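Number 273 in numbering that gives the first Met the number 0 belongs to position 274 of the sequence shown; there are no gaps in the numbering.
The structure under discussion appears below in the form of structure tokens.
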Amino acid sequence: MPFRIEDLQKALMALNTFRQYAVSPHHERYSFPLLCGSYFAYRKVDVIRIVQIAKAISNNPRYLDVGCGYGDFLEKIREYLPNAKGVERNAEIFYACNRLKPDFIDVSNADWDISEMYDVVFVGWMEPGVDFRDRVACKTDVVITTIDQGLSLGAEYDGHGFDRIATWRSPSWDDVNTEIMNRYYTSISKETRQVLSKLRSAHNLWYVYSNPSKSDIVRSVIKKCIKQEDHDFINEHYEFESVLDDCGFRYHEELEEPSSEIESTAKLWEIRLI
Ligand SMILES: C[S@@+](CC[C@H](N)C(=O)[O-])C[C@H]1O[C@@H](n2cnc3c(N)ncnc32)[C@H](O)[C@@H]1O
0 MPFRIEDLQK ALMALNTFRQ YAVSPHHERY SFPLLCGSYF AYRKVDVIRI VQIAKAISNN
60 PRYLDVGCGY GDFLEKIREY LPNAKGVERN AEIFYACNRL KPDFIDVSNA DWDISEMYDV
120 VFVGWMEPGV DFRDRVACKT DVVITTIDQG LSLGAEYDGH GFDRIATWRS PSWDDVNTEI
180 MNRYYTSISK ETRQVLSKLR SAHNLWYVYS NPSKSDIVRS VIKKCIKQED HDFINEHYEF
240 ESVLDDCGFR YHEELEEPSS EIESTAKLWE IRLI
């Protein structure tokens, strides 16, 4: 469902009210992801993984973020890949966020308007019912997607002749938001909050897909990422990651009582090669 301008305006008013009471400037990116953050909770380690994959494919990678919103995640990627671009259908998002549309984001429809070829296409969190896989699959050899378990679909490229190379999970923005609200903006006892925090069960799943001709390269760079992270992770983070740490969504966090198979087989942000 596309966002209507009235919905964006209401969200903006709610955001302005929230800002008057906010306990931390970093909470809004999780409570108002479309206006101030991204729908998938991420850390710098996600950005570095994606940049490494792109650089393994090409020395000067052509990178496209499809449905990039106002460009929160894309801006992080551009710190490493300055030519990275985005495509976003909804121009109103820039007015609602009171931002100038940057030149590196095209306002157009990915269903028919991706004209060039790209080394990597990133599709982060698509609404239910939106599906431009046919278009994306013929414009790149590597697709990286995130999908909010149970909510968004259209993020699987196995049926388009791609190999699924690796996956990891980060928290659902919804679970992070609920934890922030329970912890900082609601008067409930610590005991109740601890019980509620065990109920989290949504996940943002990241998938790396490759055309078989590039699968060996992609697999090998992901193995390199796994090794590197063992050494470098602690030095590489964004300030807003402190919210994830405080709310129990730490890197490689394991739940005491996993409530689903995915929680028991992999820790948060742990890469699984397929
Ligand atoms: C749920 S939002 C996610 C935005 C951003 N990737 C994020 O994670 O915060 C999905 C975005 O995809 C955009 N979108 C949906 N269909 C699209 C299409 N066919 N072409 C380009 N953008 C599209 C929507 O306008 C919306 O901004």
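The C-beta atom is built at its ideal place from N, Cα and C for all residues, glycine as well.
Predicted, not measured: the structure shown is a model, and the values here were computed from it.
Regarding residue 92 and ligand 1, is the C-beta to nearest heavy atom distance less than 7 Å?
-> yes
Answer yes or no: the CB of residue 103 versus the heavy atoms of ligand 1, is any distance below 7 Å?
-> No, ligand 1 has no heavy atom inside 7 Å of this Cβ.
Thinking C-beta only, is residue 209 closer than 8 Å to residue 118?
-> no
What is the C-beta distance between residue 75 and residue 106, in whole angstroms, given that I count them as a contact (C-beta under 8 Å)?
-> Rounded, the Cβ-Cβ distance is 21 Å, inconsistent with contact.
Coarse secondary structure for residue 41, derived from DSSP in three states = It is coil, neither helix nor strand.
Could you pull out every residue in the same chain whose Cβ sits closer than 8 Å to the Cβ of residue 29, ignoring the five residues on either side in sequence?
-> 36, 40, 172, 175, 176, 179 and 242
Decide yes or no for the touch test of the region 61-80 against the region 244-255: beta carbon pairs closer than 8 Å, at least 3 of them.
-> no
Exposed or buried, which one is residue 73 when buried takes at least 16 other CB atoms within 10 Å?
-> buried
At what residues does the beta strand (DSSP E) containing residue 226 begin and finish?
-> From DSSP, residue 226 is part of no beta strand (DSSP E) but of the alpha helix (DSSP H) over 214-231.
Find out if the Cβ-Cβ distance for the pair residue 144, residue 154 is shorter than 8 Å.
-> Result yes, Cβ atoms of residue 144 and residue 154 sit closer than 8 Å.
Between the beta-carbon of residue 147 and the beta-carbon of residue 89, is there less than 8 Å?
-> No, the Cβ-Cβ distance between residue 147 and residue 89 is not below 8 Å.
Same chain, Cβ closer than 8 Å to residue 99, five either side skipped, listed in chain order = 93
Leaving out five residues before and five after residue 134 in sequence, what residues of the same chain have Cβ atoms less than 8 Å from its Cβ?
-> Here residue 134 has 109, 110, 111 and 113 as same chain residues with Cβ atoms under 8 Å from its own Cβ, once five neighbours each way along the sequence are excluded.
Please determine, among 14, 42, 13 and 26, the residue with the shortest C-alpha to C-alpha distance to residue 268.
-> Cα-wise, what sits closest to residue 268 is 42.
Could you tell me the boundaries of the alpha helix (DSSP H) in which residue 273 lies?
-> Segment: none, residue 273 is in no alpha helix (DSSP H) and carries neither H nor E.
Relative to the alpha-carbon of residue 211, which residue among 159, 53, 31 and 9 has its alpha-carbon at the smallest distance?
-> 159
Note down the Cα distance separating residue 26 from residue 198, rounded to an integer number of angstroms.
-> 20 Å
Straight-line gap, residue 18 to residue 91 (C-alpha atoms, nearest Å) = 22 Å
Tell me whether residue 96 counts as near ligand 1, meaning its Cβ is closer than 7 Å to at least one heavy atom of that ligand.
-> no
Which of helix, strand or coil DSSP assigns to residue 202 | strand
Beta-carbon separation (whole angstroms), residue 163 vs residue 206, contact threshold 8 Å = In this structure residue 163 is in contact with residue 206, their Cβ atoms being roughly 6 Å apart against a cut-off of 8 Å.
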